[in-house]
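Structure first, then comments.
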Amino acid sequence: GENVEQHPSTLSVQEGDSAVIKCTYSDSASNYFPWYKQELGKRPQLIIDIRSNVGEKKDQRIAVTLNKTAKHFSLHITETQPEDSAVYFCAAWATNKLIFGTGTLLAVQP
Amino acid sequence: DAMVIQNPRYQVTQFGKPVTLSCSQTLNHNVMYWYQQKSSQAPKLLFHYYDKDFNNEADTPDNFQSRRPNTSFCFLDIRSPGLGDAAMYLCATGQGSGYEQYFGPGTRLTVT
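Heads up: the sequence lines are chains A and B, in that order.
In this text, residue positions in the first sequence follow my numbering: the first is 8, and each later residue adds one.
In this text, residue positions in the second sequence follow my numbering: the first is 626, and each later residue adds one.
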């Protein structure tokens with residue numbers, strides 16, 4: 008079945024450094040790739056998304072890249088801040104539902 | 626503000642005692658989803674409604690049922706909760722396929 012692999016499972020960076028989270032999906036028909044940020048005890052919140060007809064999208068400190076051939080997509084956070092600390096989930100749209108990755112716990116050390 | 630609302634935010638039930646969680650939306654989205662999320666895990670889709678069409682995930686236990694009486698409301702019924710059903714239950718809405726899903730704040734279910 009459809010699958011999304013996400014790495015790393017935990018990531019610790021110093022404030023101001025960049026963070027990169029990578030995902031790989033299995034369904035070549037997937038055409039929508041959102042990234043969600045989830046703080047402890049709160050709902051997942053969309054931070055950025057990309058469609059299959061675009062290779063890169065940027066929103067201030069956050070960017071997402073997509074390589075359809077390799078079925079890879081990545082989240083890049085620059086100039087990390089302590090408030091970026093959370094669990095990040097990638098997802099891929101496949102067959103009428105989102106398939107989520109397993110999540111990355113990002114810790115930004117002040 | 627348009628939003629997804631879940632009630633209650635916290636629910637405690639006894640082992641085997643039926644419980645109903647509710648979700649309402651003011652976004653007028655045609656798709657509503659129910660997810661189960663356990664600690665440190667990704668949300669797990671239980672089922673979704675595309676308009677009135679019900680779509681059950683193959684691995685969703687029969688213990689879980691859902692109702693969508695109208696566009697705005699959707700309910701999750703757990704007929705006989707077990708200890709393993711303790712989790713955060715998230716409702717989400719979306720407009721069509723392949724678009725952003727908007728999550729509600731969740732209901733934290735505890736089974737004693």
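Glycine is no exception: its CB is placed at the ideal position from the N, C-alpha and C atoms.
Under the three-state DSSP convention, the category residue i falls into
{"i": "A/E46", "result": "coil"}
{"i": "A/P118", "result": "What the structure shows of chain A is the stretch from 8 to 117, and residue 118 of chain A is not part of that stretch, so it cannot be assessed."}
{"i": "B/D678", "result": "strand"}
{"i": "B/G719", "result": "strand"}
{"i": "B/D710", "result": "helix"}
{"i": "B/N655", "result": "coil"}
{"i": "A/D34", "result": "coil"}
{"i": "B/K669", "result": "strand"}
{"i": "A/E12", "result": "strand"}
Exposure label - residue i; buried when at least 16 CB within 10 Å
{"i": "B/S691", "result": "buried"}
{"i": "B/S665", "result": "exposed"}
{"i": "B/A667", "result": "buried"}
Proximity below 9 Å, CB of residue i to CB of residue j
{"i": "B/L646", "j": "B/L708", "result": "no"}
{"i": "A/V94", "j": "A/K29", "result": "no"}
{"i": "A/T72", "j": "A/S25", "result": "no"}
{"i": "A/A101", "j": "A/E12", "result": "no"}
{"i": "B/Q631", "j": "B/L715", "result": "yes"}
{"i": "A/A99", "j": "A/L18", "result": "no"}
{"i": "A/Y32", "j": "A/I57", "result": "no"}
{"i": "B/P643", "j": "B/P706", "result": "yes"}
Beta-carbon neighbours of residue i, restricted to chain A and to distances below 9 Å
{"i": "B/N680", "result": "N103, K104"}
{"i": "B/H673", "result": "N103, K104"}
Straight-line gap, residue i to residue j (C-alpha atoms, nearest Å)
{"i": "B/L670", "j": "B/W659", "result": "6 Å"}
{"i": "A/V54", "j": "A/P41", "result": "Checking the displayed sequence, the identity of residue 54 of chain A turns out to be Ile instead of Val. In a straight line, the C-alpha of A/I54 is about 8 Å away from that of A/P41."}
{"i": "A/P15", "j": "A/T111", "result": "6 Å"}
{"i": "B/T718", "j": "B/N695", "result": "13 Å"}
{"i": "A/S35", "j": "B/T737", "result": "44 Å"}
{"i": "A/Q67", "j": "A/T85", "result": "9 Å"}
{"i": "A/Q52", "j": "B/Q662", "result": "14 Å"}
{"i": "A/S59", "j": "A/P117", "result": "36 Å"}
Interface partners of residue i on chain B, CB under 8 Å
{"i": "A/D56", "result": "E725"}
{"i": "A/L113", "result": "None at all; the shortest Cβ gap to chain B is about 14 Å."}
Beta-carbon neighbours of residue i, restricted to chain A and to distances below 7 Å
{"i": "B/L670", "result": "K104"}
{"i": "B/F728", "result": "R50, P51"}
Residues that residue i contacts on chain B, provided the C-beta gap is smaller than 7 Å
{"i": "A/F107", "result": "A667, P668"}
{"i": "A/P41", "result": "E725"}
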